[in-house]
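Colleague: As numbered in our numbering, residues -13 to 272 make up the sequence shown, in order.
C-beta atoms are modelled at their ideal positions from N, C-alpha and C, and glycine is treated no differently.
Can you keep this structure in mind? I'll have questions shortly.
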Amino acid sequence: MSHKASTSKKTEDDYLEERKHQATKEFVKKLKGYMIKKDRSNDALQLLINKQKDGLYTRKNKGQIVPLLNEAQRTLESELDSYRKLISDVEKIRQRHKDAKMEGLVRRQTLMAVVHNEAAALPLYIDPHAPYPSYGVGAIGYPDSHTFEKGDFVAANIEENWILAEVEDAVSNAKVSVKDIEDGKTEIVVKRKVLGLPEYRADPLRDAHALFPVDAIVLALYPQTTCFYKGAVVSTPKCATEDYLIAFEDPSYAGGYSTPMPAAQRYVLTYREIKRSHKKKEVYED
């Protein structure tokens, strides 16, 4: 590498670091504002608790308790609104940083770390108003009518291999242009050979029904690779930060499956069988 190239790379890294630092400063400032609202909520709740020390709600204390209840509700709603905005800011920072990485600001040897961090940063699904999670949460797959957008991460079947890829463009209603996350090569594939990755983690304590059950046949990312392989669920996450344990199909093992290996919710998908075709391939290079 020439000295000029090294200088250019350093400039890119410095620029990325500067953006991260500025975003962090803004986030910390907003976090302080949130903590002030949280303290107000705690104070309002404490006043209510003090007023109801004996646990009684009577006509005598009604005139004092109702205003306290209203104030507690108001401060809690304000705190919740600030919390949601903070979560949104975190997602925006993560997205900007991910975009920078995908543009080549991170060297090839850090790819596995990027893949790991992408899974770890997947937001937890929380929606108290929805009785049941929608598609894109945990094991809940996307309908056939789903439209992929630029930047979506997917598993794409290229030359009979399922690889981790990023959507470049929707070529038509039936085809999608995707970029191999590892070598950057762009291919056009039919939609039935593309599986969308979850946008949210499912919380096992709230939405266990949005997780794959034990013994389910799945398509999962093999550790330290960017390829998905057929496997069976050995155990499911017990909490939101845990991974699945997957036994991958492997004829070199006596039972036909490997020893269980971890796989994050982000990279465990509903298995789809793609029949081998001896006809003209439906995959094209740009």
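With H, G and I counted as helix, E and B as strand and the rest as coil, what does DSSP make of G124?
Modeller: In the sequence shown, the residue the question calls residue 124 occupies position 138. Residue state, collapsed to three classes: coil.
Colleague: Given a cut-off of 9 Å, decide if E135 and A156 are closer than it, judged by their beta-carbon atoms.
Modeller: Indexing the sequence shown from 1 puts residue 156 at position 170. Indexing the sequence shown from 1 puts residue 135 at position 149. Contact flag set, yes.
Colleague: Give me the Cα-Cα distance between Y186 and Y208, rounded to the nearest whole angstrom.
Modeller: Within the sequence shown, numbered from 1, the residue matching residue 186 stands at position 200. Within the sequence shown, numbered from 1, the residue matching residue 208 stands at position 222. Approximately 20 Å between the Cα atoms of the pair.
Colleague: Can you tell me whether DSSP reads E259 as helix, strand or coil?
Modeller: In the sequence shown, the residue the question calls residue 259 occupies position 273. The answer is coil: DSSP assigns E259 none of H, G, I, E or B.
Colleague: In three-state DSSP terms, what is L197?
Modeller: Numbered from 1 along the sequence shown, position 211 holds the residue referred to as residue 197. In this structure, L197 counts as coil in the three-state DSSP scheme.
Colleague: Can you grab the Cα-Cα spacing for the pair E77 / G49, in whole Å?
Modeller: Start at 1 with the first residue of the sequence shown, and residue 77 comes out as number 91. Start at 1 with the first residue of the sequence shown, and residue 49 comes out as number 63. The alpha-carbon atoms of E77 and G49 are separated by roughly 43 Å.
Colleague: Taking only beta-carbon positions, decide if K15 is within less than 9 Å of chain B.
Modeller: Chain labels in this structure do not include chain B; a single protein chain is all it has.
Colleague: Just checking my contact of V180 with V140 at CB under 8 Å: how many whole Å lie between their CB atoms?
Modeller: Mapped onto the sequence shown, residue 180 falls at position 194. Mapped onto the sequence shown, residue 140 falls at position 154. Yes, they are in contact, since the Cβ atoms of V180 and V140 sit about 5 Å apart, within 8 Å.
Colleague: Below 8 Å, can you find three or more Cβ-Cβ pairs linking the segment 170 to 177 to the segment 112 to 124?
Modeller: Contact fails: fewer than three Cβ-Cβ distances are below 8 Å.
Colleague: Could you give the distance in angstroms between the alpha-carbon of L62 and the alpha-carbon of K161?
Modeller: The sequence position of residue 62 within the sequence shown is 76, counting from 1. The sequence position of residue 161 within the sequence shown is 175, counting from 1. Near 47 Å, if we compare the C-alpha coordinates of K161 and L62.
Colleague: My parser needs the beta strand (DSSP E) runs of 3 or more residues fully inside the segment 141 to 226; what are they?
Modeller: Counting whole runs of 3 or more residues, the segment 141 to 226 contains the beta strand (DSSP E) stretches 147 to 155, 161 to 166, 172 to 176, 180 to 182, 203 to 207, 213 to 221.
Colleague: So, at 8 Å on beta carbons, what are the nonlocal neighbours of D201 in its own chain, with the 5 sequence-adjacent residues on each side left out?
Modeller: Here residue 201 refers to the residue found at position 215 when the sequence shown is read from its first residue. A218, V219, listed in sequence order.
Colleague: Excluding five sequence neighbours on each side, which residues of the same chain lie with their C-beta closer than 7 Å to the C-beta of A250?
Modeller: Residue mapping note: residue 250 aligns to position 264 of the sequence shown, counting from 1. The answer, listed in chain order, is A105, D229.
Colleague: Report yes if the C-beta distance between D193 and Y69 is below 9 Å; otherwise report no.
Modeller: Residue numbering aside, residue 193 sits at position 207 when the sequence shown is read from its first letter. Residue numbering aside, residue 69 sits at position 83 when the sequence shown is read from its first letter. Cβ atoms of D193 and Y69: not closer than 9 Å.
Colleague: Determine the burial state of A99: buried for a count of at least 16 other Cβ atoms within 10 Å of its Cβ, exposed for fewer.
Modeller: For the purposes of this step, residue 99 is taken as residue 113 along the sequence shown, with counting starting at 1. By the neighbour-count rule (16 or more Cβ atoms within 10 Å), A99 is not buried but exposed.
Colleague: Along the chain, where does the alpha helix (DSSP H) containing L97 start, and where does it finish?
Modeller: Numbered from 1 along the sequence shown, position 111 holds the residue referred to as residue 97. Note, L97: alpha helix (DSSP H), 97 to 106.
Colleague: Got a sec, what are the start and stop residues for the beta strand (DSSP E) A249 sits in?
Modeller: The residue given as residue 249 occupies position 263 in the sequence shown. From DSSP, the beta strand (DSSP E) with A249 extends over 247 to 249.
Colleague: In whole angstroms, what is the alpha-carbon distance linking S279 and R60?
Modeller: Nothing can be reported for residue 279: it is not among the residues displayed for the chain, which extend from -13 to 272.
Colleague: Out of L55, T172, N159, which one is the CA nearest neighbour of E145?
Modeller: One-based indexing of the sequence shown puts residue 145 at position 159. Cα-wise, what sits closest to E145 is T172.
Colleague: Could you check where the beta strand (DSSP E) with A233 kicks off and where it finishes?
Modeller: As a position in the sequence shown, residue 233 is number 247, starting the count at 1. That run of the beta strand (DSSP E) goes 230 to 234.
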